[in-house]
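This report refers to the structure that appears directly beneath it.
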Amino acid sequence: MSERQSKLSSLIARLSGRQLADGLCRKWGYREAHQMGSHIVLETEQPKPQRIAIPAHKTLKVGTLNAILRAVSSHKGTSKQAILDSICG
1220 MSERQSKLSS LIARLSGRQL ADGLCRKWGY REAHQMGSHI VLETEQPKPQ
1270 RIAIPAHKTL KVGTLNAILR AVSSHKGTSK QAILDSICG
């Protein structure tokens, strides 16, 4: 594993729901619609409307993070890695 991959893995292991939501808002055209209980609801209109709920936990479980990244990457037509790199890197 390269140093960059190791650093990225470390960041992923500590990525909070708030950090992910902020990164998606800053880099990928989402905006915070509201917070409902322990979930942050984001929405975007580009390229078409989408809403996504992100748990506002201290650290996201890998499966939860993967599911969110899969939904965003499919919607935006890019790779999960590109999204992670822009948020963590």
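Every position in the sequence shown, counted from 1, becomes a number in the numbering used here once 1219 is added.
All C-beta atoms in this analysis are idealised placements derived from N, C-alpha and C, irrespective of residue type, glycine included.
Only a predicted model underlies this, so the values are computations on that prediction, with no experimental measurement involved.
- Under the three-state reduction of DSSP output, Arg1237 falls in the helix class.
- Separation of Ser1292 and Glu1264 (C-alpha to C-alpha, rounded to the nearest whole angstrom) is 15 Å.
- Note on geometry: alpha-carbon atoms of Val1281 and Thr1297 lie some 19 Å from one another.
- Rounded to whole angstroms, the gap between the alpha carbons of Leu1239 and Pro1266 is 20 Å.
- Nearest in C-alpha terms to Gly1256, of all of Pro1268, Lys1246, Ala1272, is Ala1272.
- Assignment of Gln1254 by DSSP, reduced to helix, strand and coil, places it in the strand class.
- The shortest C-alpha to C-alpha distance from Lys1295 to any of Gly1248, Gly1236, Ser1235 is the one to Gly1248.
- Residue pairing by DSSP puts Gln1269 in a beta bridge opposite Thr1263.
- Here the alpha carbons of Arg1270 and Asp1241 stand approximately 15 Å from one another.
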